[in-house]
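Per the numbering used here, the sequence shown starts with residue 676, numbered consecutively. To keep things clear, I will list the structure first and then write my remarks on it.
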Amino acid sequence: MNANLASPRPLIARVEPLTRTRAVRGPFDYRLRPEQSDVAVGALLRVPFGRQTTLGVVLELATESALAPERLAEPDAVLGPGVPADLVELAAWIAEQYCSTPARALSLLLPPGTAARVGRPKPVLVAELTEAGARALRDGGRLTERQRAALTVLETGGPALATALGTATLRRLETRGLLALRPLEKASRPDAVAVGRRLDGAPALTADQQRALETVLAALGGNGRRPAPERFLLHGVTGSGKTEVYLQAVQATLAAGRGAIVLVPEIGLTPQTVGRFQARFGDIVAVLHSGLGQRERHEEWMRLRAGEARVCIGPRSAVFAPLHDIGLIVVDEEHDGSYKHEGDPRYDARAVAQRRAEQHRAVLIAGSATPRPESVVDLRRLRLPERIDGRPLPPVDVLDMRGLHHPLHPVTRMALADVRAAGTKAIVLLNRRGWSNFLSCRGCGHVWMCPNCEVALVLHRAQGTLACHHCGHRRRAPSRCLQCGSTSVARHGAGTESIEQELREAFGSELPVFRLDADAAAGKGRLAQMLARFEAAPSGVLVGTQMVAKGHDFAGVALGVVLDADQTLRFPDFRAEERTFALLTQLAGRVGRGEDGGRVLVQTLAPDARSIALAAHHDADGFLAVELRRREALGYPPYGTLIRIVCASPDAGDALSLASRLHGLIVPSGAAVLGPAPLFKLRGRFRSQLVIKCGDRLPTLRAVGAAVDACAADAVRRGISVSVDPDPQ
Ligand code: ADP
Ligand code: ZN
Ligand code: ZN
676 MNANLASPRP
686 LIARVEPLTR
696 TRAVRGPFDY
706 RLRPEQSDVA
716 VGALLRVPFG
726 RQTTLGVVLE
736 LATESALAPE
746 RLAEPDAVLG
756 PGVPADLVEL
766 AAWIAEQYCS
776 TPARALSLLL
786 PPGTAARVGR
796 PKPVLVAELT
806 EAGARALRDG
816 GRLTERQRAA
826 LTVLETGGPA
836 LATALGTATL
846 RRLETRGLLA
856 LRPLEKASRP
866 DAVAVGRRLD
876 GAPALTADQQ
886 RALETVLAAL
896 GGNGRRPAPE
906 RFLLHGVTGS
916 GKTEVYLQAV
926 QATLAAGRGA
936 IVLVPEIGLT
946 PQTVGRFQAR
956 FGDIVAVLHS
966 GLGQRERHEE
976 WMRLRAGEAR
986 VCIGPRSAVF
996 APLHDIGLIV
1006 VDEEHDGSYK
1016 HEGDPRYDAR
1026 AVAQRRAEQH
1036 RAVLIAGSAT
1046 PRPESVVDLR
1056 RLRLPERIDG
1066 RPLPPVDVLD
1076 MRGLHHPLHP
1086 VTRMALADVR
1096 AAGTKAIVLL
1106 NRRGWSNFLS
1116 CRGCGHVWMC
1126 PNCEVALVLH
1136 RAQGTLACHH
1146 CGHRRRAPSR
1156 CLQCGSTSVA
1166 RHGAGTESIE
1176 QELREAFGSE
1186 LPVFRLDADA
1196 AAGKGRLAQM
1206 LARFEAAPSG
1216 VLVGTQMVAK
1226 GHDFAGVALG
1236 VVLDADQTLR
1246 FPDFRAEERT
1256 FALLTQLAGR
1266 VGRGEDGGRV
1276 LVQTLAPDAR
1286 SIALAAHHDA
1296 DGFLAVELRR
1306 REALGYPPYG
1316 TLIRIVCASP
1326 DAGDALSLAS
1336 RLHGLIVPSG
1346 AAVLGPAPLF
1356 KLRGRFRSQL
1366 VIKCGDRLPT
1376 LRAVGAAVDA
1386 CAADAVRRGI
1396 SVSVDPDPQ
């Protein structure tokens, strides 16, 4: 007789404990109690671990362990179903691809609020304008600027998600009866922050859109057994209607009974895109982003896990949405740097999206007007070469600033005066916030530097402070030099704050100025409000950092200006050209979307720089061709992989010696290890860097991982941090 029938074998769970330390690697076996027999892969457990307890995720179930059953501990509790099995597999892939640990990778994709023990979910709130609110707007009732902006959004766009507008502001308006807050109901009418023009139904597609969509639909309709699911690059000029192609592809995916993930760069800056999806598909859309409270995020996550929502839209981390059967993943504005995660694991959501699409045999569409060279080589390109309605791209003039001292070129001043006279709009981009670059003493030449970082402090005049843009250090703006006592302090360069002032002084109140940068937009909902105010204004200038160039679709922008266009070129980085080209092209993309067309002015000290000249001619193909040749010659992506290792320590010698030791340990197989090279001091830590350039990605990653593991204990003891960044941006 079979003994197993009499005494069934124990059920073993292989559990990865969620710790940050590199030294601890699971999985470890635990014996499940009979009442825990429904535990599945991905389940979240609380388990005894050494002398403590810890959270852990079930990686695998088994009936046998190398250890005798009586030596196995039992979990203290099952905390929930955790994550679907495909995400457990994805975490393992991320850990390997980004030289991290399974535990760190798993903690990226747990249900929101896992660590904080989730309570009952709070409802997602929707704000709606009341008649009293409409009256207050019309009659100029007593309203702060922020309150007026929120009400304006509701008036022009209808009901909107409260978190997008700032719940605190809305609560105050609610107590005055100027708006109503209600929970988002199932099958309620779709809500969207209305910024940008709205389409009601789906429009008739242009011939180019139709062609692109049909190719995607053919791939979507293919049976699930094809060996490699298709991956597309939707390369469409700005304003060519890429979003409409995504929308109809999502529609087809839903009709086939599958789900879709739509990644966008940053929700605060792309409320229009989110709004279009919600308007088209309603409650089946879940939004996951950091502007939501933890409970709201948990609720949205659960709607996806339960299959109630089948479209997830959100930034980078939405790539981990717990959808069951993904048919389509869209990466909008695929060139955007925000897809790369800054903390360990330093994953790239674009690469993770490709992996997830493979897992689910889903179609991938990456879209951009300025695609990355990597995507041009790796993906099948579909093109939208013209703007909707055949509107031309705006002409671009490059203005040589050499020898000029005023921040605005005379041609720029005239063009802005024309905008004021015509009552249209302009966007001015300067990729530097604050008042000026740095301060120096006219008496002794002293430059005010950050005490923690080797960088100059930036003046923020409105706050009366000097600030470090790297570590956040702040101090009062000086009135005299600490070294020599001189009261003559020189300000060098311009930032968004001083340009704002400059514009106000030059053009007066007839041309209102709206500033959009990390300072002006601090606080929930502020970005959407600022964009809504600029849109609602009949005329004005939007001035700000690269935020102003991101995907907005405003009518009536007749002028775009880029100040100091070569600023991004001065970074010692192989992506400097790509970034500069993208920034100029994207800014030009915001201009001339109305009937009246528009123009773009680019001020620069490097008028002949290749990326600037090619962007001025809207020549993406020319740029990509040259850039790909250059990358091939140098072995840069997509023709090779770069891996960056940074050692940081309060002691400069420690950082350098660890980097040297790692260099010795990484035995390259056809890889070149460059460095150690010093980086500027950051947050009080000296840094030393290695860069590895290789053709054979995975073996090199493994060699790097092994080397870092070998040094990990020593590094921890000496307080040296080691960060590994495959595919640095
Ligand atoms: P892109 O993302 O390519 O820059 P958008 O998706 O923002 O372009 O589209 C530009 C504008 O054209 C939007 O206002 C959009 O609603 C509109 N649009 C898109 N497709 C069509 C169409 N087929 N017919 C009419 N308008 C369209
Ligand atoms: Zn001095
Ligand atoms: Zn600093």
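Glycine is no exception: its CB is placed at the ideal position from the N, C-alpha and C atoms. Bear in mind the structure is a predicted one, so any value in this text is a computation, not a measurement.
With a 10 Å radius around the Cβ and a threshold of 16 neighbouring Cβ atoms, Q822 comes out buried.
Residue state for L1299 is assigned as helix, using DSSP reduced to three classes. The Cβ atoms of P787 and R972 lie closer than 8 angstroms to each other. Taking every protein chain shown into account, the CB of V733 has 16 or more other CB atoms within 10 angstroms, so this residue is buried.
Residues T948 and R951 of the same chain have their beta carbon placed closer than 7 angstroms to that of T918, with the five preceding and five following residues left out of the count. When only Cα atoms are considered, R1372 and A1131 end up about 37 angstroms apart. Short note on S1161: C-beta closer than 7 angstroms to some heavy atom of ligand 2. With at least 16 other beta carbons inside 10 angstroms of its own, F1229 counts as buried.
Boundaries of the beta strand (DSSP E) harbouring Y705: F703 to R706, taken from the DSSP string. For P692, there is no enclosing alpha helix (DSSP H); the residue is part of the beta strand (DSSP E) that begins and ends at I687 to P692. Beta-carbon to beta-carbon, V1236 and T1099 are separated by about 13 angstroms, too far to satisfy the 8 angstroms threshold. P1313 and L1333 have their C-alpha atoms spaced approximately 29 angstroms apart. Taking C-beta atoms under 8 angstroms as the contact rule, F1256 and H1167 fail to qualify, at a distance of about 27 angstroms. Here DSSP, grouped into helix, strand and coil, assigns D761 to helix. R1055: member of the beta strand (DSSP E) spanning R1055 to L1059, first to last residue. Assignment of D958 by DSSP, reduced to helix, strand and coil, places it in the helix class. Taking one beta carbon from each stretch, the stretch 1198 to 1217 and the stretch 830 to 847 have 3 or more pairs nearer than 8 angstroms; the two touch. Proximity of the beta carbon of L892 to ligand 1 is not indicated: no heavy atom of the ligand is located closer than 7 angstroms. For secondary structure counted as the beta strand (DSSP E) over 3 or more consecutive residues, the stretch 970 to 1032 holds these complete runs in sequence order: 986 to 989 and 1001 to 1006. Beyond the five residues adjoining it in sequence on each side, A778 comes within less than 6 angstroms, by CB distance, of E691, L693 and T694 in the same chain, given in chain order. A Cβ closer than 5 angstroms to some heavy atom of ligand 3 marks a residue here, and those residues are C1125, N1127, C1128, C1143, H1145, C1146 and H1148. Inclusion of A766 and L784 in the CB contact set at 8 angstroms is warranted, their separation being smaller than that value. Using a Cβ distance threshold of 8 angstroms, A1330 and R1362 count as a contacting pair.
Bridge pairing for F1256: absent [DSSP]. In this structure, the C-beta of H1121 approaches ligand 2 to less than 7 angstroms from one of its heavy atoms.
Looking at the backbone, the Cα of V937 and that of L979 are separated by about 13 angstroms.
Separation of the CB atoms of L1003 and A1037 is rounded to 6 angstroms, and the pair is thereby assigned contact status at 8 angstroms. Counted as a single uninterrupted DSSP element, the beta strand (DSSP E) harbouring K1356 occupies residues A1347 to L1357. Distance from the Cα of R706 is smallest, within the candidate group A1346, S1335, L686 and G1078, for L686. In the DSSP assignment, H1145 falls outside any beta strand (DSSP E), carrying neither H nor E. Distance from the C-beta of D1019 to the nearest heavy atom of ligand 1 is not below 7 angstroms.
Counting other Cβ atoms within 10 Å of its Cβ, E1252 reaches 16 or more and is therefore classed as buried. Within the same chain, L784 come within 6 angstroms of F995 by CB-CB distance, once the 5 residues on both sides are set aside.
Counting C-beta pairs closer than 8 angstroms gives fewer than three between the stretch 961 to 969 and the stretch 912 to 928, which falls short of the contact rule.
In this structure, G1118 has its beta carbon less than 7 angstroms from a heavy atom of ligand 2. In the pairwise beta carbon analysis, the stretch 1089 to 1109 is classified as not touching the stretch 1304 to 1319: fewer than three pairs are separated by under 8 angstroms.
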